[in-house]
Each structure stands twice: as structure tokens, then as C-alpha cells.
RNA sequence: GGUCCCGUCGUCCAGAGGCCCAGGACGCCGGCCUUUCAAGCCGGAAACGCCGGUUCGAAUCCGGUCGGGACUGCCA
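Numbering (our numbering), first residue to last: 4 to 477.
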């Protein structure tokens, strides 16, 4: 049997990392087994669903590199993959269940139901004990599934093993609201049946809903699907992942300069591993090794630090030309304007050095702004630490006069010249070169000094040495 | 409260009875390299929640206990 899995985001917001991780695992499972990965849009919440959110989710999925074989935008043999287009189908399914006696109309009011719940609570009973079929419904009101009370619902979860729910703990849940719209349970189950889904891998938060879906599937006379409930993602404080922990939407990571390959690699490590040793691996390796039965049962904490480290690893693996292309928008953004070819050549001169020390793409911009601005500002901390020391003025003067004599302005000439100066002055590189670095780049943290000077050019290097010297006196 | 799920270093993952006085990665600490910062290299601290049981032998199996989480809507 061909594996058919799906991811079904609700377009009520951008793509959450938890949803992205679930999508990723489904995609890996489909690719590993040569099956199909389907994108369905669960937009039954008409109030909050928007076309903009849907477009953003689709963008994010593509950016992550998850391609789908059927679904929204790419189509497929099952008509629409958007639930809002299938209300008629859900209503028919609900009517079928009414006719077979598996479901019933319930026209009790919200107040009545609320009273029943309170009663159940006060008697420490399951709400399901009270929310049961009544004879009052006569073709009006919401439609509830009549939960069979003779057997518990037991299923084999691919990651959790045998899971069992007593029938009395499952209430007669609503499948069609009184306004004729389907609930999530109905729409999702009907779609999974109609689209021939074989495996449902989703967040553990839906584990308590699973017996309901199984009951519905049976009542509709369809074959049961396999379930895999993935561990939830939490923030570093152990609480459910939310805005407080930084970005929760995938599009934010994209904007902040993360690489899709790095995010893919990191996300796949949340609840799964390639083997006991390997941390960095390719998509192909993941596809070859992935199995839902190897997914961990423990909840995972999403650690932005490790993601950033991994992103740095991927940046270092990039082709120099690919790095330059990826980083250009960030460098231009830091410079505050588009760069000319001559200016870009200055960046290219130090690009390799920048690539080694970049974790997030925007950091590259910060490292090289000195090449493109007028350097109005020095980093205060750097200035304090380096420039407020004895002898700095003398070092700046000496370097300025020696550099002014250079015939050829390139790293190979600048380095021996300045090293010679250090020898003559009898001072170490740390003490002698740091002031020059701060003077030239504005910060004590920068790409290597000689290369930075070479890229900056003679005129501007000397100018900055002079300006720093003046600031010392001032 | 009820139902269900989970419990190995701070964090992610490995471990499917002896290979484990527990392995890899991030982070942290120390050192080397070095013009700074990174990167790289070397080294270090750091965990099987607890109590019983099964067994010659348990991180691995069973029971209990404690702790955490999810769900408990005519949201998804």
C-alpha cells in the first residue's frame, strides 16, 4: 500500500515551527517510503482564516524545501484541498451518520449543556457521562456522534505504542454545528478518508481527539488509518512555545537570515536522530533513514542557540559565490543603500574571512559596514577598552606615517610594514594592532586587520587613522 | 478534578537486560592557535526523578510513587 500522508495547517496565522516540524516529519516519511505528501488547508474557522496567511504558509513550506504531490496550488485527483470548498460533502457525511443511527440531532441549549458539565464536575464524573443522546432532538440543532459504549477504543500509535480510551470517557462530540458547518473532527476525518490518507502524524496535543476520529472513521465505514503522535515543542523555559521565546513562525527565521537547510536539519533533530553520532546531515541522509517508529516520545525544547550554531555550520559549508549572493541584501541593508560594482568588490576581497565568522547572514553586514560608511560612530565599548590607553596616540602616528610611504596598497605589503613597526617599537601585536583596528573599522571586532585595510583602500584608511587621532586629543 | 501522554547531562538526541562506573551535539569552563572576533584543535564539569520487584545481571522489564505536559468548546 502506498503511503499517503498530509499536513493540514489552518491559515489563521503564519506557519508555526511546531507545524513546520510536523510537516517535515510527514514529508520525510512520504519520501522515505516513496509515497505521497499532501497539503490540505483546514480553513473551517471562517473568522480567522485569510488568504494572506495561506500564501505565507505555502511560501514557508516551499522555503523549507518541502514539496507536496497533491494539494493546494498543485491540485490533484480529489478536487479541492481546501476545506471551505467541501462543506456540502461534510453535510452529506453527517446526514449519512444520522440515517444510520450513528449520530443524532441535539437541540439542547448552551446553558443546558453547561449545566450538565457543571454537574459532571461536581460529581467528579466525566462530562461524557452526561453529554449523551437524548430523545429531544427532532431534526434540529447540532449533530453529535453517538459514541458506542460497548468497547474501549484502542489503537497502535506508531510512536507511543498501544493507547487506550474507555468509551465512557469520550463524550458525544459535535460533528456538525447548528449553523451547518462541520467541526474539525468531522472535516478532518472525512478528508483523510476521501483523500486516501494512510498515516496521520501530528502533534501530541491531538492524542485525546484520536479516539473520536477513529470512531467517526468506523461509523463512516472506512478503513482505519495509522496514527503517530509527535512530541510537542516547548520554549527554553519549558512552557509551550510562544512569541515570548523569540520567533515561532518560520517566516521570521527566513527574514532573520537563517538558511533553509540549517532549519531543516535542526527541526529534524527535535524528536528524532539520524544515528547516535551525527548532528549535521543532508536531506537525502534524513530521507534514507527516517522512520516514524524511531521518533522520540519526549517533548522537546526548541533551542535558538543551537539553531544559530547550526546555521553557522551551514554558512561555512556554502560555496563562496553562494555565500556572496545570499549575503548581499544584508550587506546592502547594513550599508543603507545599494552598492556599486566597485564597492561590492571591496566586500568580495574580505568575503571569505567574513564567511568564517558568520552565524546569521545579517551579522555579515555588521562586520563590513566600515567599508561603506563614513564611520561616524565608534563602538563605545571598543573605544574604551582599546583607545583609552597610554601610547595609543604614538602608535597611530607611527602607523600613519609608515603606511603613507607604501607604494603598493595590498595585504602582502601592509602586513610586513606594520609588523616591522611592532618590532621597531618593541610592542606586541595585541597592543599595537588593536588601536589600528578600532580606528579603521570602528570596533575591536572585525575581519582580520591587514585585509580590512587593504579592502578599505589607502586614502580612507589614512583618513580614519587621522580622525581617530583627532578624537583622541578631543 | 477527570482522561491520556511523558520522565537519561542545563538543552536536543543515542541507549530496545550484560558492549554503559552511560555515547554524540549545543551551551558552559580551561588550554592551544592567533592581530581582535570567529573558526579549528585539545581537555573538563555535567544525567539514568524516587522506592520496591523480576533477574546471575536493569538506564533498559513490572508495580508504585513523585514530577511535568496535553486535552477536558457547537476552536483547531
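The beta-carbon is built from N, C-alpha and C at its ideal position, and this holds for glycine as well.
Take the alpha-carbon of residue 184 and the one of residue 309: they are about 44 Å apart.
Between residue 407 and residue 465, the alpha-carbon positions lie close to 7 Å from each other. DSSP places residue 101 within a helical segment (H, G or I) once states are collapsed to three. Annotation for residue 167: the continuous beta strand (DSSP E) segment containing it runs 164-168. For residue 299, there is no enclosing beta strand (DSSP E), since its DSSP letter is neither H nor E.
Secondary structure at residue 179: strand, using DSSP grouped into helix, strand and coil.
Fewer than three pairs of CB atoms, one per stretch, sit closer than 8 Å, so the stretch 184-201 makes no contact with the stretch 155-172. For residue 176, the closest C-alpha among the options 293, 234 and 116 is that of 116. When DSSP states are grouped into helix, strand and coil, residue 381 belongs to the coil group. Between the alpha carbons of residue 78 and residue 152 lies a gap of roughly 40 Å.
Between residue 144 and residue 108, the alpha-carbon positions lie close to 6 Å from each other.
The alpha helix (DSSP H) runs lying completely inside the stretch 185-243 and spanning 4 residues or more are 187-197 and 213-222, given in chain order.
Sixteen is the threshold: when 16 or more other Cβ atoms of the shown chains lie within 10 Å of the Cβ of residue 192, as they do, the residue is buried. The three-state reading of DSSP puts residue 74 in strand, counting E and B together. Here residue 391 is exposed, its C-beta having fewer than 16 other C-beta atoms within 10 Å. Residue burial is scored here from C-beta neighbours: residue 291 has fewer than 16 other C-beta atoms within 10 angstroms and is therefore classed as exposed. Boundaries cannot be given for residue 448, as no beta strand (DSSP E) includes it and DSSP labels it neither H nor E.
For residue 173, the three-state secondary structure derived from DSSP is coil. Per the Cβ contact rule, the stretch 40-47 is not in contact with the stretch 274-294 (fewer than 3 Cβ pairs under 8 Å). C-alpha of residue 186 to C-alpha of residue 220: approximately 15 Å in a straight line. One thing to note: residue 213 has its Cβ within 9 Å of the Cβ of residue 158. In this structure, the CA atom of residue 426 is about 21 Å from the CA atom of residue 441. Relative to the Cα of residue 368, the nearest Cα in the group 384, 327 and 439 belongs to 327. The C-alpha of residue 118 lies about 22 Å from the C-alpha of residue 106. Per DSSP, the unbroken beta strand (DSSP E) holding residue 109 starts and ends at 106-109. At the C-beta level, residue 382 and residue 446 come within 9 Å of one another. Under DSSP, residue 41 shares a beta bridge with 9 and 73. Between residue 18 and residue 59, the C-beta spacing is below 9 Å.
Contact annotation, residue 31 with residue 385: C-beta distance approximately 46 Å; criterion of less than 8 Å not satisfied.
According to DSSP, residue pairing for residue 146 in a beta bridge involves 108 and 179. With a contact defined as Cβ atoms closer than 8 Å, residue 189 and residue 178 qualify at about 4 Å. Membership of residue 353 in the alpha helix (DSSP H) is indicated by the continuous run 344-359.
Contact between the stretch 294-304 and the stretch 321-341 is not established, with fewer than three Cβ pairs separated by less than 8 Å. Inclusion of residue 205 and residue 233 in the CB contact set at 9 Å is warranted, their separation being smaller than that value.
Taken through DSSP and simplified to helix, strand or coil, residue 158 comes out as strand.
Following the DSSP letters along the chain, one finds residue 115 inside the alpha helix (DSSP H) bounded by residues 113-125.
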